[in-house]
Amino acid sequence: MFQYIKSFIHDKHLWVVMEYMDGGSLTSLIQSHFSNGKKFMEEEIAGFLRPAMEGLEFIHEKGRVHRDIKSDNLLVNSAGQVKIADFGFCVQLTEEQRVRQSMAGTYYWMAPELVRGQVTELPLVKAFMKAEGQDKEGEEKEEEEKEEEEKTDPLRALYLIATKGPPKLKSKSWGRHIKDFYEKTLAAEPSERASSADLLEHPFLKATCSRERLIELVKEARTFAHSKKADKSSS
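According to the UniProt record's numbering, the sequence shown holds residues 1 to 235 in order.
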């Protein structure tokens, strides 16, 4: 978990000191990796997802719901650690209040039942996976870009989440374990969606890369980001 260190008042403002995660967000790492012409191996994806899922299970055991799990809120560091951050939408569920109907979180990662205005009970799991397929040529590529543009509209995104279900994996090269993990994580019906505890026992998260490999990936992303920044400064 992302560690709180201390807080204090300075010049009438509240300052909260948190643990420094020098690798930035998982989103920035993914962007650097793809911008550098690379793709993640399945065991590398599992390597980043497993500690995030462990953090999510810890939150759920305490009866809390994060409500905004996404790659922007997963932070990495040069020690190869992955931690959950940004608890601004987090709520505590109790025996007296076991359900939440409020529509909170980021549209693009919102669960279908929340979009449809249905209640959510304990246990709740909200995990993410993004899979990149192969680019298409000509008209097919233009059509794909048009579809992506439509998906970036928040209202359009909410409509697709509520009516179309999870997006299909584009590439056929994914292994059976990651495909099954994807389906269990993004099942449209809450009753069919795996809990964080279930997912921690899934074969996909049992075959993760080493911590050393995660350290290498973070280092590569930071080096690439620094080189891009240096190129911009010199131009």
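By construction, the Cβ of each residue, glycine as well, lies at the ideal position given by its N, Cα and C atoms.
Work out the CA separation of residue 7 and residue 14 for me, nearest whole Å. Roughly 7 Å between the two C-alpha positions.
Determine whether the beta carbon atoms of residue 169 and residue 159 lie at a separation below 8 Å. No.
First through last residue of the alpha helix (DSSP H) which encompasses residue 184: Looking at the DSSP string, the run of the alpha helix (DSSP H) that includes residue 184 is 176-185.
Residue 8 bridges to which residues according to DSSP? When DSSP reads this structure, residue 8 sits in a beta bridge with 15.
Output needed for residue 318: all residues of its chain with C-beta closer than 7 Å, excluding positions within five of it in sequence on either side, in chain order. Look at the range of the chain in this structure, 1 to 235, and you will see that residue 318 is not part of it.
Who are residue 269's beta bridge partners in DSSP? Since the first and last residues shown for the chain are 1 and 235, residue 269 lies out of range.
Inter-stretch contact (C-beta, 8 Å, three-pair minimum) for the stretch 30-37 and the stretch 54-70: Output reads no: the stretch 54-70 does not touch the stretch 30-37.
Say yes only if the C-beta of residue 77 is nearer than 7 Å to one or more non-hydrogen atoms of the ligand HEM, and no if none qualify. No copy of the ligand HEM occurs in the structure displayed, which carries no ligand at all.
Backbone CA spacing between residue 23 and residue 222 [nearest angstrom]: If you take the alpha carbons of residue 23 and residue 222, they lie about 7 Å apart.
Rounded separation between residue 157 and residue 198 - CA only: Rounded to the nearest whole angstrom, the CA to CA distance from residue 157 to residue 198 is 28 Å.
To the nearest angstrom, how far is it from the Cα of residue 73 to the Cα of residue 189? Going by the C-alpha atoms only, they are around 24 Å apart.
Is the beta carbon of residue 44 less than 8 Å from the beta carbon of residue 211? It is not a contact, given that the beta carbons lie outside the stated cut-off.
Compare the C-alpha of residue 70 against each of 58, 202 and 85 and name the closest. For residue 70, the closest of 58, 202 and 85 by C-alpha to C-alpha distance is 85.
Cα-Cα, which of 47, 19 and 9 is closest to residue 204? Of the candidates 47, 19 and 9, the one whose C-alpha sits nearest the C-alpha of residue 204 is 47.
When the Cα of residue 175 is compared with those of 42, 55, 57 and 16, which residue comes out closest? Looking from the CA of residue 175, the closest CA among 42, 55, 57 and 16 belongs to 42.
Mind checking who residue 83 pairs with in its DSSP beta bridge? In the DSSP output, where bridge partners are listed per residue, residue 83 has 75.
Using 8 Å as the threshold, is the C-beta distance between residue 218 and residue 76 below it? Against a cut-off of 8 Å, the Cβ pair of residue 76 and residue 218 comes out as a contact.
Taking a contact to mean a Cβ-Cβ separation below 8 Å, would you say residue 21 touches residue 196 in this structure? Going by C-beta atoms, residue 21 is not nearer than 8 Å to residue 196.
Find out if the Cβ-Cβ distance for the pair residue 62, residue 2 is shorter than 8 Å. No; because the gap between Cβ atoms is not below 8 Å, this pair is not in contact.
Taking only the alpha-carbon atoms, compute the straight-line gap between residue 28 and residue 208 and give it to the nearest angstrom. So the alpha carbons of these two residues sit roughly 21 Å apart.
Tell me whether residue 165 is buried or exposed, calling it buried when 16 or more other Cβ atoms sit within 10 Å of its Cβ. Around the beta carbon of residue 165, a 10 Å sphere encloses fewer than 16 other beta carbons of the protein chains shown; the residue is thus reported as exposed.
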